[in-house]
Each structure stands twice: as C-alpha cells, then as structure tokens.
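In our numbering, the protein residues as written are 136 to 449.
We put the beta carbon where it would ideally sit given N, CA and C, even for glycine.
Worksheet for the structure shown next.
In structure tokens form, the structure reads like this:
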C-alpha cells in the first residue's frame, strides 16, 4: 500500500494525528524508521514501544540497522528484544566489526535469539554483555560457556540448539568449550540461580541446572554419553524447585532413562520423549513404561517421532 501526504508549507509530518503517523511510518523499513525516530522526537516517542522488539531475517537489513544502532544511542535504549532468524548468511565476515559493535550497543536488551547463526554468535560471544538479559537462544558450539558465565545471574530462560549454519545435533556432542568432556571427566558447574526453563544438550544441562530454579527441562541426550542417566538426573534433582516437566530428545529409546526418572525425579508431572532416528525397535522401552506411570504426580506421558520444530519453543 502506498501513501502520499500533501500538506502546506507550514505543515510538518509530526503535526499529523498519531494514528496516521503510526499507519504511515509502519510501512517503512526498520532502518528508515530508526532514522526518522532519531531526527524527530515526537515520532520517536510514539514508536518507542514498536522498537522494543526487533526481528532480522536479511543480512543487508542486519548490517544497516547495526550501523544505525551506532548512530542513534537514544533509539537503541528502547530495544528490549532482538531476534536474528534464517540463514546461513554469506559475507558475514566482512561486516564482523559493524555487527558486533551494533549488537553490543543494545544495553537494555532482555531477550536475544541468535540460535540460527553460529558465525554471527561468534562475533559477540567472547565479550558482549547485556546486564538485563533474561531470555536467550544460542547456537551450541564455541563461545556458549563464556557468554553464559557473563550472564549467569540474570538468565531465566535458556535454549542451546543447533545453528542452521552448523553440523546439526552432532555439534551438541563435540565442541570445544569448557564443557567438552573427555571420557571419565565431569562438566564444569556454572551456577545460574535464576534459570527456570532450559533446553539443550546434556553437557550444558549438567552444568547449569543444579542449584538453579529449573522446573522445565528439554534434554538432548546424545548418542555417546560420558554421564549416566542416573547421575544426570540426580544432578537435575539439585534444582532448588521440583522439576515438573522433562522432555527428552534421543537417538534411541533406553529403558535406563525410565529407571533413573522414577528414582531421581519422582515429582514429575509431564514426561515426553522424541526420537531422532527412524528405527522402530521400541518394544522394550514401551514395555517398561510402567516404571514411570505410577509416579504419584505424573499427569502426562508423551512419545513422538515427528520432526523437532516443537522442541525449539519454550
């Protein structure tokens, strides 16, 4: 839809009713809206709420807006949520400094979703700090540990999932961080006292769930584990609140998990399983479901082999 505003020489855009201003300016590209907001206080005031949540899905848009972030400190203060979706993006490297500097400017950021791009996350993972960050979705891989250490006291919702430009779930089993564990070693603990909801690989869960406030957990168990089901769930049981929902992403169903659930977290209300492989040999697992069905608080047990889209939602 196109708009053409005709006005006398004495009439300026900000004199129009707020409803009309919103209707017109909402048709603009985000970078253009940011420019107008920076040059006109009235328009900036009525758009502050609109600018609280920003989603990027195009590299040119990301670069232009990061340039604008560097030029518009007043507007940047209003941004509370940033989501960068899609990819993989080519030519990211040539804009590394602009992207990193622009995103770092978002000092009031509360929610960051950058899970789709491991390369983009690598630009900010080592030194970016957002003092008000409570919710984040990160790509599993290098840099996750250092980023979480800087935000360990503020984050309440955390997802660590495969990036679109990464190798898939395999990256959650073997990446070079403080959590990568040679056989026989244990994960380094990271105290996250306000964490309430977690989704990610076992190696991260084992580190961050103990002594947190996690009540809902989604765990990717991996094909090869250095931590047993029982040890892992015993660690999860150290959450300062009862874990009432446990979602399990697995390559194959293992009855040892059912035994460990019954022994270590009997207060569960919801227990769900999703299998990554297409192998149909689950009879033994299903026959052992009785081990958890009699848990006193259990309200729902689910078993699903569909694709993983639903697991990315917290």
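{"query": "With 16 other Cβ atoms within 10 Å as the buried cut-off, status of residue 434", "result": "exposed"}
{"query": "9 Å Cβ cutoff met for residue 201 and residue 236", "result": "yes"}
{"query": "Range of the contiguous alpha helix (DSSP H) that encloses residue 405", "result": "No alpha helix (DSSP H) holds residue 405; the beta strand (DSSP E) holding it covers 405-410."}
{"query": "Sequence-distant residues of the same chain with beta carbon closer than 8 Å to residue 412, five excluded per side", "result": "386, 387"}
{"query": "Among 406, 263, 354, nearest to residue 297 - alpha-carbon criterion", "result": "354"}
{"query": "DSSP three-state assignment for residue 435, whether helix, strand or coil", "result": "strand"}
{"query": "Rounded separation between residue 402 and residue 432 - CA only", "result": "6 Å"}
{"query": "Residue interval of the beta strand (DSSP E) (run including residue 385)", "result": "380-385"}
{"query": "Those runs of the beta strand (DSSP E) which lie wholly inside the region 220-253 and span at least 3 residues", "result": "246-248"}
{"query": "Helix, strand or coil at residue 390 [DSSP, three-state]", "result": "helix"}
{"query": "7 Å Cβ shell around residue 376 - same chain, five flanking residues per side excluded", "result": "348, 350"}
{"query": "From 372, 275, 368, 331, residue whose alpha carbon lies closest to that of residue 391", "result": "368"}
{"query": "Top-ranked residue by Cα proximity to residue 258, from 283, 234, 266, 426", "result": "234"}
{"query": "Counted within 10 angstroms of its Cβ, other Cβ atoms place residue 199 as buried (16 or more) or exposed", "result": "buried"}
{"query": "6 Å CB neighbourhood of residue 265 in its chain, flanking five on each side removed", "result": "244"}
{"query": "Three-state secondary structure (DSSP) of residue 429", "result": "coil"}
{"query": "Interface flag, residue 399 vs chain B, CB-CB below 9 Å", "result": "Of the protein chains in this structure there is only one, and it is not chain B."}
{"query": "Distance CB(residue 269)-CB(residue 287) smaller than 9 Å", "result": "no"}
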